[in-house]
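**Q**
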Amino acid sequence: MNDALKPSPEPTLSDVAELAGVSRAIASRALSAQPRPVSADKRERVLRAAEALGFRPNLLARGLSSKTVNLVAILVNHIHDLSDLDLFDLLLAEIQAIGKQVIFIRVGAGEHAEAFLRDGVAYHVDAALVFSDFADATTVRRMFRNNAVLMLNGHHDPGAPSVTMDEDHGIREAVADAAAKGVRSALLLTGRTMSLVEQARIASYRAALERHGIKLLGELAGDYSYASGRVLAQLIDVDATDAVFCTSDAMAMGVLDAHRQHFPQHQPKRFRLYGFDNISLTQFDAYPISSIGADKREYVAQIVRILNQPADLAQNSDHVLVATRFVPRLTG
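Read in full-length UniProt numbering, the sequence shown has 310 at position 310, and its numbers run on one by one without any break.
1. Quick one, are the C-beta atoms of His320 and Glu298 less than 8 Å apart?
2. For Ser185, which residues in the same chain have their Cβ closer than 7 Å to its Cβ, ignoring the five residues on either side in sequence?
3. Could you pull the start and end residues of the alpha helix (DSSP H) that Glu298 belongs to?
4. Identify whether Lys42 lies in helix, strand or coil by the three-state DSSP scheme.
5. List the endpoints of the continuous beta strand (DSSP E) containing Arg325.
6. With 16 as the cutoff for other CB atoms within 10 Å, does Gln283 come out buried or exposed?
7. Whole alpha helix (DSSP H) runs in the stretch 148-221 with 4 or more residues, listed along the chain?
8. What distance in whole Å lies between the Cβ atoms of Val238 and Arg270, which are believed to be in contact at a cut-off of 8 Å?
9. Given 8 Å as the limit, is there contact between the stretch 133-144 and the stretch 291-305, that is, 3 or more CB pairs closer than that?
10. Relative to the alpha-carbon of Leu75, which residue among Arg141, Ser23, Arg48 and Glu10 has its alpha-carbon at the smallest distance?
11. What residues are listed by DSSP as bridge partners for Val244?
12. Evaluate Gly159 with the Cβ neighbour count: other Cβ atoms within 10 Å of its Cβ, from every protein chain shown; 16 or more gives buried, anything less gives exposed.
13. What do you get for Ser65, buried or exposed, if any count of 16 or more other CB atoms within 10 angstroms of its CB means buried?
14. Nearest CA to the CA of Thr331: which residue from Gln267, Phe276 and Ala27?
15. Beta-carbon within less than 6 Å of Ser14's beta-carbon, same chain only, minus the 5 sequence neighbours each way: which residues are those?
16. For the alpha helix (DSSP H) containing Arg24, list its first residue and its last residue.
17. Taking three-plus beta-carbon pairs below 8 Å as touching, is the stretch 186-204 in contact with the stretch 220-229?
18. How long is the line joining the alpha carbons of Glu94 and Asn308, rounded to whole angstroms?
19. Would you kindly check if the distance between the Cβ of Ser228 and the Cβ of Asp81 is under 8 Å?
20. Using CA coordinates, which residue listed in Leu53, His169 and Arg211 is at the minimum distance from Pro9?
21. So, for Gln96: in the same chain, excluding its five sequence neighbours on each side, which residues have a beta-carbon less than 6 Å away from its beta-carbon?
22. Over the uninterrupted beta strand (DSSP E) stretch that includes Val102, give me the two end residues.
23. The alpha helix (DSSP H) with Val140 in it runs from where to where?
24. For Leu129 versus Lys100, is the C-beta spacing smaller than 8 Å?
25. Have a look at Ser132, Thr324, Val244 and Val183 and flag the residue whose alpha-carbon is nearest the alpha-carbon of Glu173.
26. Helix, strand or coil for Ile289? Go by DSSP, reduced to three states.
27. Using the Cβ count rule (16 or more neighbours within 10 Å means buried), how would you classify Ala286?
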């Protein structure tokens, strides 16, 4: 073969180190996604050399040497709630920023979920983040043959750390806001009531409403979706209900669209409307819904902080709470 047609050899880490005038070990530290000690001057020289040579780190080789695969599994029931889009876009970005990639595993619900968790084929991953409320830490450890499990579904399993939103704080603020505006009766529209997170959320609403002397007219179960909000909206007695609390913003959006005539210029004429999750759409003119939510960046930061400490991830049972707050908007 003509030498001119032969592919140029791929630049190596040694080539980068030589061009930057540093040792191979320093070049490796400078290019690592993990925070590793190296001076700013040497890091800059290495980065410039890598760019000039077109060098890209071999993540597979790096994983073999460190016994990691730089892959994180995220277990979910499904993704259809609008709040999922806000959260997971941010979470993926932050996990990628520490040099790891993500696979989503859709568990499903009911008997299908149990069968999947029992018989599903696992991947080799560095850690598993569990949002699915059908999964417990023991089952997930067995699936992945890995003790690095972080619970994000309301379960506080022994030997597994967890991060949970302190929803009670924001709920108490929202109900207090309603009480201060003269609300004396309310309807609660909920998601899937077998979820531990939803059960705790419902209990917080009941307690807050009772504390302020607001009569709970009933609880209507949906599935967090816009469509279920539209359906349940038909059951609202607008003459008897002072406020409607929804346990997702998507459901509240469905209620608002079904009762636009009662919200001229988005202001409540017959009843006040409160959502939950504080999704990005509530910041726009079409859906200015009073809502409850945590700082998603703080929530994700806590997840990534634990993910970045693999030894602790596999050995501790720390329970981290991230506070929620009430965000008033026009519908409340």
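Note that beta-carbon positions come from the ideal geometry of N, C-alpha and C, so glycine has one too.
**A** On the basis of the supplied data:
1. The sequence as given places Val at residue 320; His does not occur at that position. No, the pair does not count as a contact, with Cβ atoms beyond the cut-off.
2. Ile214, Lys215, Leu217, Ala240, Thr241 and Asp242
3. Lys296 to Leu307
4. helix
5. His319 to Val327
6. exposed
7. 167-180 and 196-211
8. 4 Å
9. no
10. Arg141
11. Leu187 and Leu273
12. exposed
13. At Ser65, the pLDDT of 47 sits below 50, so the modelled position is not reliable; the number obtained from the coordinates is stated separately. Result: exposed.
14. Gln267
15. Arg24
16. Arg24 to Leu31
17. yes
18. 11 Å
19. no
20. Leu53
21. none
22. Gln101 to Arg106
23. Ala137 to Phe144
24. no
25. Thr324
26. coil
27. exposed
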